[in-house]
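Quick note on the UniProt record's numbering: the sequence shown kicks off at 1 and runs consecutively.
Heads up, the beta-carbon is just placed ideally off N, CA and C, and yes, glycines get one too.
Model, not experiment: these values are computed from the prediction.
Step one of this worksheet: look at the structure below.
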Amino acid sequence: IKCGVEETLKADSNPDSPPRRELVLFDKPTRGTSMDEFKEMLGNFLKANLGEQVSLTALVSQILTMADVNNDGKVSLAEAKSIWALLHLNEILLMLSLREKEHTSQLLGHCGDLYVTEKIPHDSLYGSQIPGFLQTLLPSPVHRLVHQWCAPAWPRRAKIAIGLLEFVEEIFHGTYGSFFICDSSFKNIGYNEKYDFKVVDLRKVATEMTIRGFLKGRHCEQNSDCTFGSDCTAACDKLMKQCRNDVIQPNLAKACQLLQDYLLYGSPSDLREELQKQLRTCMTLSGLASQMEVHHSLILNNLKTLLWKKISNTKYS
């Protein structure tokens, strides 16, 4: 169960102080707004966040159906305000954009910007996480040993990895544009009881439009000044002192960095050398993903095929 309303700001005696966030969220649409005007509002909002996509009209229709909570065939002002507030939460926007994909949590219910999502039983790539108070006390080699000890059997890890690669493929020029994983930590990758990959927190995924908006005209001295989230980094133009528009490292390279330790440990001896070679090639991917689409797809498909061949005729498939 999640809620988008942050802690209420303390009242300010200054009359020029901005209104509280929750009041701003529920101020639109205003009374008297027609259904056509509301559809236009939704279309413009989606275009600003997802870019010009031919499929936006279908997404607007899905959102209006979702807004009709009492299923009376109409969208009341309260229902319209509720769905408008909900859409301003990044996770919800992405959840709706990727709702046809099996690797994201399903939205189970909502009221205003309070919403309930499907629970992911295992919210870490390794099945369990080291308690926070121990993380700073234990050295990195011990972390690795604990992860290896807690991780599922190798064939199950291979199945989870295939799901991650499928997700990377889905968000690379998907139905509603491109998306970037901006926190590629193993803590943001989970799986269900069937060892199907699930994204733990879609708030760590950003649309291409969001990142471009963040980078546009941004002053920088070095590449780290051009970082959105944890690791969506663009190059800094040292001459112009401005961030460039494109993320340096594509999603696939980040995924392969995670999978290197995850898959090589305990991997079948007849597979290890080729797997290591393919992962190393994958990790070197950089530059504009749009300029290397064929190379990107080839590496991704080769890696998926290698893993799938090893587990396809076993109980783990």
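Expressed to the nearest angstrom, what Euclidean distance is found between the alpha-carbon atoms of residue i and residue j?
{"i": "residue 86", "j": "residue 212", "result": "23 Å"}
{"i": "residue 106", "j": "residue 99", "result": "7 Å"}
{"i": "residue 231", "j": "residue 182", "result": "5 Å"}
{"i": "residue 171", "j": "residue 205", "result": "10 Å"}
{"i": "residue 118", "j": "residue 78", "result": "25 Å"}
{"i": "residue 312", "j": "residue 51", "result": "38 Å"}
{"i": "residue 163", "j": "residue 32", "result": "46 Å"}
{"i": "residue 184", "j": "residue 60", "result": "30 Å"}
{"i": "residue 36", "j": "residue 64", "result": "11 Å"}
{"i": "residue 273", "j": "residue 121", "result": "33 Å"}
{"i": "residue 275", "j": "residue 253", "result": "14 Å"}
{"i": "residue 186", "j": "residue 124", "result": "6 Å"}
{"i": "residue 95", "j": "residue 218", "result": "28 Å"}
{"i": "residue 62", "j": "residue 174", "result": "17 Å"}
{"i": "residue 282", "j": "residue 241", "result": "30 Å"}
{"i": "residue 301", "j": "residue 200", "result": "24 Å"}
{"i": "residue 6", "j": "residue 236", "result": "Confidence in residue 6 is poor, its pLDDT being 44 and thus under 50, which makes the residue's placement too unreliable to answer from."}
{"i": "residue 114", "j": "residue 3", "result": "4 Å"}
{"i": "residue 126", "j": "residue 295", "result": "29 Å"}
{"i": "residue 286", "j": "residue 180", "result": "14 Å"}
{"i": "residue 220", "j": "residue 227", "result": "10 Å"}
Excluding the 5 residues preceding and the 5 following residue i in the sequence, name in chain order all residues of the same chain whose CB lies nearer than 8 Å to its CB.
{"i": "residue 279", "result": "256, 259, 260, 263, 264 and 303"}
{"i": "residue 49", "result": "93, 207, 209 and 210"}
{"i": "residue 245", "result": "212, 215, 216 and 234"}
{"i": "residue 56", "result": "43, 46, 47, 50 and 176"}
{"i": "residue 41", "result": "28, 29, 33 and 84"}
Starting from residue i and walking both ways along the beta strand (DSSP E), at which residues does that stretch end?
{"i": "residue 251", "result": "Run containing residue 251: none in the beta strand (DSSP E); it sits in the alpha helix (DSSP H), 251-264."}
{"i": "residue 235", "result": "232-237"}
{"i": "residue 108", "result": "107-111"}
{"i": "residue 189", "result": "189-191"}
{"i": "residue 96", "result": "Run containing residue 96: none in the beta strand (DSSP E); it sits in the alpha helix (DSSP H), 90-97."}
Starting from residue i and walking both ways along the alpha helix (DSSP H), at which residues does that stretch end?
{"i": "residue 284", "result": "Taken as a continuous stretch (DSSP letters only), residue 284 belongs to no alpha helix (DSSP H), as it is neither H nor E."}
{"i": "residue 244", "result": "Note, residue 244: premise wrong, no alpha helix (DSSP H); beta strand (DSSP E) at 242-247."}
{"i": "residue 298", "result": "293-311"}
Exposed or buried, what is residue i when buried is set at 16 or more other beta-carbons lying within 10 Å of its beta-carbon?
{"i": "residue 97", "result": "buried"}
{"i": "residue 222", "result": "exposed"}
{"i": "residue 160", "result": "buried"}
{"i": "residue 247", "result": "buried"}
{"i": "residue 239", "result": "exposed"}
Starting from the C-beta of residue i, find all residues in its chain whose C-beta is less than 7 Å away, skip the five residues before and the five after it, and write them out in chain order.
{"i": "residue 91", "result": "202 and 203"}
Which same chain residues end up closer than 6 Å to residue i when comparing Cβ atoms and leaving out the 5 residues on each side of it in sequence?
{"i": "residue 158", "result": "307 and 311"}
Pop quiz: residue i and residue j are said to be a contact at Cβ under 8 Å. What is the actual Cβ separation, rounded to whole angstroms?
{"i": "residue 81", "j": "residue 26", "result": "5 Å"}
{"i": "residue 198", "j": "residue 110", "result": "The pair is not a contact, with the Cβ atoms about 20 Å apart (cut-off 8 Å)."}
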